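Engineer: Got a structure for you, questions after.
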Amino acid sequence: VEYVGRDGLTGLLHRGRFDSDGENSVAVSLRTAQPLSLLIVDVDHFKSINDRFGHAEGARVLRSIAQVLNQSAGAHDQVFRIGGEEFAILCSQPYPVARLLGENIRHAVKGCANRFDISVSAGIATVDKTVGSLADLFALADERLYKAKSTGRDRVVGEARDDAEDFRRVDTRHKRVKH
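Per our numbering, residue 30 is the first one in the sequence shown, and the count goes up by one each step.
Dropping the structure here:
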């Protein structure tokens, strides 16, 4: 059953809802100073899954990712499928909480029992004085997603302070902390 405003494959809210709900959420955040962060999450190397195993298997992967996103998101967050293997979360929390959400999603996806060794990359942006619209917020999060993809995938990129040398990143493949 396809519900109005929902993606038929994953059951998540669809791109049209992202555009309308997102614009409204940014406007409310700017007016009230309530925190709002956007996470754009993309499945790494998804095309190879479709190419090697077929679209039916790719669809199963997308449904699994959607389930992880829904289970990870907070009660007041909205989760969308905004295109192919790209998802968005409007998170009603400040950047540090959104960053933790992104890392939790990344680890949860890697922790899923799957035969494809699936990983995701994410870009995060938070409404601040430089953001005047959903387009501004999206452009910033998308730029950070591109950085995550171009610097090795399977990572979350957010504010510049995260790139400092003392930022600690957990390497889930070896279960150790990198400095």
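Yeah, the Cβ is synthetic: ideal placement off N, Cα and C, and Gly gets one too. Note that the structure is a prediction, hence the values are computed from the model and not measured.
Who pairs with F109 in a beta bridge, going by DSSP?
Structural biologist: L42, A117
Engineer: Quick one, which of L174, E172, E86 has its alpha-carbon nearest G147's?
Structural biologist: The sequence shown places Ile at residue 147, not Gly. Looking at the Cα atoms, E86 is the closest of the given residues.
Engineer: With a threshold of 16 other CB atoms inside 10 Å of the CB of L13, please say whether the residue is buried or exposed.
Structural biologist: This structure gives no information on residue 13, because the portion of the chain shown stretches from 30 to 208.
Engineer: Determine which residues share a DSSP beta bridge with V55 and list them.
Structural biologist: In the DSSP output, where bridge partners are listed per residue, V55 has none listed.
Engineer: Using only alpha-carbon positions, find the residue among R46, V55, V70 that is nearest to A137.
Structural biologist: V70
Engineer: Out of curiosity, what's the CA-to-CA distance linking F47 and A56?
Structural biologist: 14 Å
Engineer: Excluding the 5 residues flanking A154 on each side, which residues of the same chain have their C-beta closer than 6 Å to its C-beta?
Structural biologist: Excluding sequence neighbours, A154 sits near L67, L166, L169, A170.
Engineer: Does DSSP put A164 in a helix, in a strand, or in coil?
Structural biologist: helix
Engineer: Grab me the residues of V186's own chain with a C-beta within less than 6 Å of its C-beta, minus the 5 sequence neighbours each way, in chain order.
Structural biologist: G152, R173, K176, A177
Engineer: Quick one: using the 10 Å Cβ neighbour count with 16 as the cut-off for buried, is D80 buried or exposed?
Structural biologist: exposed
Engineer: Expressed to the nearest angstrom, what Euclidean distance is found between the alpha-carbon atoms of V126 and G40?
Structural biologist: Here the alpha carbons of G40 and V126 stand approximately 25 Å from one another.
Engineer: Alpha carbon to alpha carbon, how far is C120 from G83?
Structural biologist: Each residue's Cα considered, the two are about 33 Å apart.
Engineer: By alpha-carbon positions, which one of G45, R182, L163, G131 ends up nearest to E188?
Structural biologist: G131
Engineer: Given this structure, state the Cα-to-Cα distance separating V149 from A95, to the nearest angstrom.
Structural biologist: 12 Å
Engineer: What residues in its chain sit with their C-beta under 7 Å from that of G161, if we drop five residues either side in the sequence?
Structural biologist: none
Engineer: Which word fits I78, buried or exposed, when buried means at least 16 other C-beta atoms lie within 10 angstroms of its C-beta?
Structural biologist: By the neighbour-count rule (16 or more Cβ atoms within 10 Å), I78 is buried.
Engineer: Buried or exposed, going by whether 16 or more other CB atoms sit within 10 Å of the CB of A102?
Structural biologist: buried
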